[in-house]
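Top to bottom, those sequences are chains A and B. Okay, so the first sequence: first residue is 402 according to our numbering, each after it adds one. Okay, so the second sequence: first residue is 46 according to our numbering, each after it adds one. This report concerns only the one structure given below.
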Amino acid sequence: MNSFYPWLILLAPFASATAITLFTLRWKTLSSAISITAVLVSFGCSCFIFAKSATVAPEFVWLDITPIFRVPLGLTLDQLSRTMAVLVSGVGALIHIYSLGYMRDDEGKSRYFAALSLFMFAMLGIVFANNFVMLFIFWELVGFTSYVLIGHWFFRDAAADAANKAFITTRIGDFGFMTGILMIWMTTGSVVFAEIAPRMSMFGGHGTFVAIVALLIFCGAVGKSAQFPLHVWLPDAMEGPTPVSALIHAATMVAAGVYMLVRVAFIIQASQTALLVVAWIGTITAVMAALIATQQNDIKRILAYSTLSQLGYMVMAVGLASNNAAMFHLFTHAFFKALLFLAAGSIIVMLHHEQNIWEMGQLRRRLPITFLTFAAGALALIGCPPFSGFFSKDAILAVAYEHNLPIFAVALFTAFLTAFYVIRMLVIVFFGNPRSDSAREGRESPPVMTMPLIVLAILATLGGFAFFTRNFLKLPTEKAPNAFGVVPVLAIIALILGVGLAFALYRGRATEPVKVELLRRKFYFDEFYCWLIYWTQELLAPVAAFIDRWVIDAGAVGGSSRGTWGIGALLRLIQVGNLQAYAFLFGLGVIALIYFAVMR
Amino acid sequence: MITLGDYLIVSAILFAIGFAGVMLRRNLIVILMSLELMLNAANLSLVAFSRFRVGANGLPDYNAQVFVFFVITVAAAEVAVGLALLVALYRARQTTDVKDISSLKF
């Protein structure tokens, strides 16, 4: 009986999505009520199995071609997935409630809540999946819901394009992921995590092969967690409604890549090469995104780049074989980044969908609750003690210090940049003089929006302390003795430098004092991809045209037609029209038959 | 004394004449008659076989004779159909010459 609760976590949002889509699209309030009930049921059940430390759920066999291929529908219930379920459904529940306020006048409210429920279903499916096939299906399903929600305001071209971009870019990563899964299945003959793990020794001595497999699996995370070089979709995904950005593109879905890497860490850790590549990809993403964020003017885009940067930290930690540090940062990041996005959403709504930070200013007077909660999130993000981000980032830095000094140096520089751009945003948005009429007249958001902010702010503040987090995660304990003193000191120095520089540069400014075109244009990634796609197409098109015109049209289609015609022309030569010739041929045929029947 | 071989030689000659007629003559009526000649050549050899294959009880082998009756019956039917076609063809084309009947030629 108890063991059915894990399934209920999954099925409640699914039932909600189905019910809304099929029956209640017209009644917006009812739809939102169904969706919120479903997510609260999920949250309740998650807490229940978390408290009970339940480990067993009924398993169904879905596809069974033993011994070749067997896909059970089963749930992994270890500490990792239970914590992740509480996190996802908890943050999800807060964001559902916040959405009531943010989307209250939206035409497509029912559609929005249906997609949100479907997302919760898919995301919790990823969390609980106990095999690669299930994981991949839910993986694609979150990709789809992300597409739907980014394109929620599909009548805006930018939103529709961003939705396409997100979907297509992540598909590139997913292709690698699928190839990796197939290679794993081919080699070990299983797709179930618990069965693959003991069979990893089969790879012994095939270092290159295992590195390729691990990196292909990592491709999935690169797409979904928006790592370099597939990071381009995440900033554009900010075209979606802000609660969606908070839930999907900050707290949960993009963290799914990291979660997946931790879940299959036994594959990644089987290859030193793969670990190194993963660590460096994370590092590059972290520093690149932080550099770009210093020059952005759209409040949501700054947050999006900071998400990229923090995801880079997590991937870096996975690459340094410290899953605990990665999960710790994922845990704290989910709180403070959801908080920052929701606070940004509160600002955006009050300023009538103005997102340019240079049109804001002095908002601490107009939106005090938003200001305080945003500040808590910002301090957690830059890793200011005693906020949660300090502890988790410190854990990652300590691991880097211990294992790989170049990565540590870059990570420290990123911490400095993070402090710089976050404080820049904070100063421009909340201090100085109001720079537009709407900034002069904005009022605080309704309680339905500020309540989730306050809850998240408390979590973002507490999330780093061991007495709180110990209940949820294995805390990283791998600090080397000498790193213990050096790392936090260096991190705090970087923090102070960043904060000081940001205050010095941006205090009281009304326009951008420093302009770096390279960073403003995001290292020209979009331009480069456009160029790449343009030329790939330009070069492929003539080849494709040639094949179409000559191989398919002239060869296959024209060839069979001309072949039929030619054989017909040959055959009608014997249709001479002379009765006696036919009789003669007939006679010859009889003689031949007699010869074969009698003489042989 | 007339032996089985003599009958078969006559039968072969008749068959050859019939075949030559089918191959060489142009008139459809003559071709039809030549066909009958070939059938009857076969009948002649069958009857000869019957006559010369006497069983232990002193009677000839009647199987071959029954066969001949069937051939005669079928030949009669064939002539009826063939002549009917011929008449129809003549009405349509006013000719019975095979050289002029070549519509199926490409």
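Using N, Cα and C, we set each Cβ at its ideal position, and we do this for glycine too.
Contact the stretch 691-700 of chain A vs the stretch 812-825 of chain A: 3+ CB pairs below 8 angstroms | yes
Neighbourhood of V887(A) by C-beta distance below 8 angstroms, restricted to the same chain and skipping five residues each side = For this step, residue 887(A) is matched to residue 486 along the first sequence. So the list reads Y802, once near-sequence residues are dropped.
Could you check what DSSP says for D106(B) in three-state terms: helix, strand or coil?
-> If you number the second sequence from 1, residue 106(B) lands on position 61. DSSP places D106(B) in coil when its eight states are reduced to three.
Since L464(A) is in the beta strand (DSSP E), which residue starts that stretch and which ends it?
-> Residue numbering aside, residue 464(A) sits at position 63 when the first sequence is read from its first letter. First-last of the beta strand (DSSP E) with L464(A): F461 to I466.
How about V633(A) and G574(A): are their beta carbons less than 8 angstroms apart?
-> Mapped onto the first sequence, residue 633(A) falls at position 232. Mapped onto the first sequence, residue 574(A) falls at position 173. No, the Cβ-Cβ distance between V633(A) and G574(A) is not below 8 angstroms.
Selection from G899(A), V549(A) and F537(A) that minimises the alpha carbon distance to M579(A) = Position 178 of the first sequence holds residue 579(A). Minimum Cα distance to M579(A) is reached at F537(A).
Kindly identify the DSSP beta-bridge partner or partners of N531(A).
-> If you number the first sequence from 1, residue 531(A) lands on position 130. For N531(A), which the question treats as bridged, DSSP gives no partner whatsoever.
Please decide whether S147(B) counts as near chain A, where near means a Cβ-Cβ distance under 8 angstroms.
-> Residue 147(B) sits at position 102 when you count from the first residue of the second sequence. Cβ-Cβ to chain A under 8 angstroms: yes for S147(B).
Using 8 angstroms as the Cβ pair cut-off and three pairs as the minimum, do the stretch 734-750 of chain A and the stretch 848-857 of chain A touch?
-> yes
What separation, rounded to the nearest whole angstrom, lies between the Cα atoms of G621(A) and M521(A)?
-> The count along the first sequence starts at 1 and reaches residue 621(A) at position 220. The count along the first sequence starts at 1 and reaches residue 521(A) at position 120. Between G621(A) and M521(A), the C-alpha separation is close to 20 angstroms.
For L617(A) versus S707(A), is the C-beta spacing smaller than 8 angstroms?
-> Here residue 617(A) refers to the residue found at position 216 of the first sequence. Here residue 707(A) refers to the residue found at position 306 of the first sequence. The answer is no: Cβ separation not under 8 angstroms.
Out of F817(A), L752(A), F904(A) and M485(A), which has the shortest C-alpha to C-alpha gap to R836(A)?
-> On the first sequence, position 435 is the one that residue 836(A) refers to. For the residues F817(A), L752(A), F904(A) and M485(A), the minimum Cα distance to R836(A) belongs to L752(A).
Could you say which of A722(A), T419(A) and D465(A) lies nearest to V678(A) if we only look at CA atoms?
-> Numbered from 1 along the first sequence, position 277 holds the residue referred to as residue 678(A). V678(A) has its Cα closest to that of A722(A), out of A722(A), T419(A) and D465(A).
Go through its chain and collect everything with a Cβ distance to A627(A)'s Cβ below 7 angstroms, but skip five positions before and after it.
-> Indexing the first sequence from 1 puts residue 627(A) at position 226. Cβ within range, chain order: W634, L635, V655, L709 and L712.
Chain-ordered chain A contacts of M68(B) [CB-CB under 7 angstroms] | For this step, residue 68(B) is matched to residue 23 along the second sequence. The contacting residues are Q981, A984 and F985.
How many whole angstroms separate the CB atoms of A559(A) and I551(A), which I take to be in contact at a CB cut-off of 8 angstroms?
-> Along the first sequence, one-based indexing puts residue 559(A) at 158. Along the first sequence, one-based indexing puts residue 551(A) at 150. With a Cβ gap of about 10 angstroms, A559(A) and I551(A) do not count as contacting.
Taking one C-beta from the stretch 985-997 of chain A and one from the stretch 78-93 of chain B each time, how about it: are there three or more such pairs within less than 8 angstroms?
-> no
Spell out a yes or no on whether the stretch 647-667 of chain A and the stretch 481-495 of chain A are touching, meaning 3 or more CB-CB pairs, one atom from each, closer than 8 angstroms.
-> yes
Which full runs of the alpha helix (DSSP H) of 4+ residues lie inside the stretch 413-462 of chain A, going along the chain?
-> 429-453
Please name the residue or residues paired with P473(A) in a DSSP beta bridge.
-> In the first sequence, residue 473(A) corresponds to position 72, counting from 1. In DSSP, P473(A) forms a bridge with V462(A).
Bridge-paired residues (DSSP) for D838(A) | In the first sequence, residue 838(A) corresponds to position 437, counting from 1. Answer is none; D838(A) lacks a bridge partner.
Under 9 angstroms (Cβ pairs) to chain A, residues found in the stretch 55-87 of chain B = F64, V67, M68, L69, R70, R71, L73 and I76
Check whether the Cβ of Q976(A) lies closer than 8 angstroms to any Cβ atom in chain B.
-> On the first sequence, position 575 is the one that residue 976(A) refers to. It does: the Cβ of Q976(A) has a partner Cβ on chain B nearer than 8 angstroms.
Spatial distance of A568(A) from Y930(A) (CA atoms) | Indexing the first sequence from 1 puts residue 568(A) at position 167. Indexing the first sequence from 1 puts residue 930(A) at position 529. Per the sequence shown, residue 568(A) should be read as Phe rather than Ala. Cα to Cα, the separation comes out at about 15 angstroms.
Could you list which residues in chain A have their beta carbon closer than 8 angstroms to that of V143(B), in chain order?
-> Stepping through the second sequence from its first residue, residue 143(B) is reached at position 98. Under the 8 angstroms cutoff, chain A gives N979, L980 and Q981.
Helix, strand or coil: how does DSSP classify V196(B) here?
-> Here chain B comprises residues numbered 46 to 151, so residue 196(B) is not present and cannot be evaluated.
Beta bridge counterpart(s) of N757(A) as assigned by DSSP | Residue 757(A) sits at position 356 when you count from the first residue of the first sequence. Looking at the DSSP assignment, N757(A) forms a beta bridge with D699(A).
Segment contact flag, the stretch 402-422 of chain A with the stretch 431-442 of chain A, C-beta cutoff 8 angstroms, min 3 pairs | yes
Tell me, which residues are paired with N72(B) by DSSP?
-> Position 27 of the second sequence, counted from the first residue, corresponds to residue 72(B). The partner list for N72(B) (beta bridge, DSSP) reads D142(B).
Can you grab the Cα-Cα spacing for the pair K916(A) / A858(A), in whole Å?
-> In the first sequence, counting from the first residue as 1, residue 916(A) sits at position 515. In the first sequence, counting from the first residue as 1, residue 858(A) sits at position 457. Rounded to the nearest angstrom, the two C-alpha atoms are 33 angstroms apart.
Between A770(A) and S500(A), what straight-line distance do the alpha-carbon atoms span, to the nearest angstrom?
-> For the purposes of this step, residue 770(A) is identified with residue 369 of the first sequence, where counting begins at 1. For the purposes of this step, residue 500(A) is identified with residue 99 of the first sequence, where counting begins at 1. Looking at the sequence shown, residue 770(A) is not Ala but Ile. Roughly 18 angstroms between the two C-alpha positions.
Compute the Euclidean distance between the alpha carbons of P889(A) and A812(A), then round it to the nearest angstrom.
-> Position 488 of the first sequence, counted from the start, is the residue given in the question as residue 889(A). Position 411 of the first sequence, counted from the start, is the residue given in the question as residue 812(A). Their backbone Cα atoms lie some 13 angstroms apart in a straight line.
Distance between P644(A) and R505(A) (C-alpha atoms, nearest Å) | Counting from 1 along the first sequence, the entry for residue 505(A) is found at position 104. Counting from 1 along the first sequence, the entry for residue 644(A) is found at position 243. Taking the straight line joining both Cα atoms gives about 12 angstroms.
Cβ-Cβ separation, L676(A) to I669(A) (assumed contact under 8 angstroms), whole Å | Walking along the first sequence from the start, residue 669(A) turns up at place 268. Walking along the first sequence from the start, residue 676(A) turns up at place 275. About 6 angstroms; that satisfies the 8 angstroms criterion.
F555(A) classed as buried or exposed, judged by whether at least 16 other C-beta atoms fall within 10 angstroms = Counted from its first residue, the first sequence places residue 555(A) at position 154. Exposed: under 16 other Cβ atoms inside 10 Å.
Same chain only: Cβ atoms within 8 angstroms of L583(A), ignoring 5 sequence neighbours per side = The residue given as residue 583(A) occupies position 182 in the first sequence. Nothing meets the Cβ criterion.
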